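Notes follow the structure.
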Amino acid sequence: MPNWLGDSVMAIPAIKSLKAMFDDCKIDIIINESLSGLGELLTATIEKTIALPENDASRRKAVLAGAAKSSYDLLIILPNSFRSAWELWSCNIGVRAGYAASLRSFILTHAIKRPTAHSMSQSDYFLNLVKELYPKIEAKDMSLTVPDTAVKSSIKALPRTDRPMVGVGFGAAYGSAKMWPADRFAELIDRLEEVAVVVLIGSKSDRAVADKVLDLTKSSPASLVGKTDIPALSAVLSRLDLYITNDTGPMHLASAVGTSVIAIFGPTSPEETGPIGENHHVICHKADCAPCWRRICPLDHRCMESISVDEALETALRLLP
1113 MPNWLGDSVM AIPAIKSLKA MFDDCKIDII INESLSGLGE LLTATIEKTI
1163 ALPENDASRR KAVLAGAAKS SYDLLIILPN SFRSAWELWS CNIGVRAGYA
1213 ASLRSFILTH AIKRPTAHSM SQSDYFLNLV KELYPKIEAK DMSLTVPDTA
1263 VKSSIKALPR TDRPMVGVGF GAAYGSAKMW PADRFAELID RLEEVAVVVL
1313 IGSKSDRAVA DKVLDLTKSS PASLVGKTDI PALSAVLSRL DLYITNDTGP
1363 MHLASAVGTS VIAIFGPTSP EETGPIGENH HVICHKADCA PCWRRICPLD
1413 HRCMESISVD EALETALRLL P
């Protein structure tokens, strides 16, 4: 599976399509430990989640060696990296299919030609790989099933209210270039609090940004930053009326559990990595230098600085029940 939460969620249609075509097949996913909770949302589709250690080479090799004993008929490698193919080849995992990328074709048994760069969404990119192997496969959706235990926990974690509930996610693991300025988020939160209950969403790595935003707010939004694993996060997102966020992994998770999303885009392309499905809205001002895909803006961050609080608030008010 891909290395990022958002990419892994966007790979779900490819996985579900395989299961729909070969209903009696058993599908396991090999995924980084930090993302392994995603498997709990795919129990209707997959058999097993194999959690791959991220910073321990010996444990990582041992896990892959164990996976090789399952004698899979086919292993589909979704990441483009040389490492992902090399590790599986070195563990003698049999039939290996993936895109011909990163000089790795010689260690794939089925090297698939990559589509033209930036010609499709990331989700379609993964699905295309499967279609190249099985042309008659039919595309499936990205929906996920939230575990009941996580739903019950989210009821306790979220504020009790009759007002609309809006989640705000301001981090971006990829880099600061994807982040709308903290002072804009703070003002948006204060103005939203007049009509809704706001809940801050984020991982442990977002705490510094969360503290900065909270220091700038006049209101007191609830915060679940750093307090949710992936199943719990999916449950929280599913209970929101609206989720406002940068281009992040939780953006795709919210979409997959059926929550309306406002996605703020700058250096990346909403056509490639935007939320999938209906009832979503992308705010993106096409700067002359975008999409640049940079982690840190070397200029004046014009793509994000040009997006006003008024525009975000007006969009939110249109989408709220």
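Number 1304 in the numbering used here belongs to position 192 of the sequence shown; there are no gaps in the numbering.
All C-beta atoms in this analysis are idealised placements derived from N, C-alpha and C, irrespective of residue type, glycine included.
Bear in mind that the values here come from a model prediction, so they are computed numbers and not experimental data.
- Contact check for V1258 against L1153 passes: the beta carbons are separated by less than 8 Å.
- Listed as beta-bridge partners of A1174 by DSSP are no residues whatsoever.
- Boundaries of the alpha helix (DSSP H) around A1344: I1342 to S1350.
- Fully contained in the region 1185-1264 are the following beta strand (DSSP E) runs of length 3 or more, in chain order: 1187-1189, 1208-1211 and 1222-1224.
- Straight-line measurement puts the Cα of L1239 at about 12 Å from the Cα of R1226.
- In the DSSP assignment, F1377 falls within the beta strand (DSSP E) that extends over V1373 to F1377.
- Here S1335 carries a strand assignment [DSSP, helix/strand/coil].
- Pairing P1379 with C1415 gives a Cβ-Cβ distance under 8 Å.
- The C-alpha of I1189 is placed about 10 Å away from the C-alpha of A1223.
- Secondary structure at A1402: coil, using DSSP grouped into helix, strand and coil.
- K1160 has D1140 as its beta-bridge partners, per DSSP.
- Taken atom to atom, the span from the alpha-carbon of L1431 to that of V1278 is near 11 Å.
- Going by DSSP, G1361 is part of the alpha helix (DSSP H) stretching over G1361 to A1368.
- In the structure shown, the three-state DSSP call for M1122 is helix.
- The three-state reading of DSSP puts M1277 in strand, counting E and B together.
- Assignment of L1312 by DSSP, reduced to helix, strand and coil, places it in the strand class.
- DSSP places L1304 in the helix class (H, G or I) of the three-state scheme.
- Between G1118 and M1291, the C-beta gap is not smaller than 8 Å, which leaves the two residues out of contact.
- Comparing alpha carbon positions, the residue from S1332, T1360 and I1374 closest to P1271 is S1332.
- Residue D1260 holds the alpha-carbon nearest to the alpha-carbon of S1350 among A1163, I1219, D1260 and K1248.
- Beta-bridge partners assigned by DSSP to L1354: V1278.
- Cβ atoms of T1371 and L1352 come within 8 Å of each other, at about 5 Å.
- Here I1388 carries a coil assignment [DSSP, helix/strand/coil].
- In the DSSP annotation of this structure, the continuous segment of the alpha helix (DSSP H) that includes T1427 starts and ends at V1421 to L1431.
- Out of A1320, P1433, S1315 and H1393, the CA that lies nearest to the CA of R1275 is found in P1433.
- Judged by beta-carbon spacing, S1266 lies within the 8 Å limit of A1344, meaning their Cβ atoms are closer than that value.
- Under the three-state reduction of DSSP, C1396 is assigned to strand.
- Between I1127 and I1158, the C-beta spacing is below 8 Å.
- Between Q1234 and T1360 a beta carbon distance of about 13 Å is seen, past the 8 Å cut, so the two are scored as non-contacting.
- A distance of 8 Å or more separates the beta carbons of A1180 and I1219.
- Boundaries of the alpha helix (DSSP H) harbouring E1417: R1414 to E1417, taken from the DSSP string.
- Counting along the chain, A1320 sits inside the alpha helix (DSSP H) bounded by residues R1319 to L1328.
- With fewer than 16 other CB atoms across the displayed protein chains lying within 10 angstroms of its CB, V1207 is exposed.
- When the alpha-carbon of A1251 is set against those of P1125, N1391, S1120 and H1397, the nearest one is in P1125.
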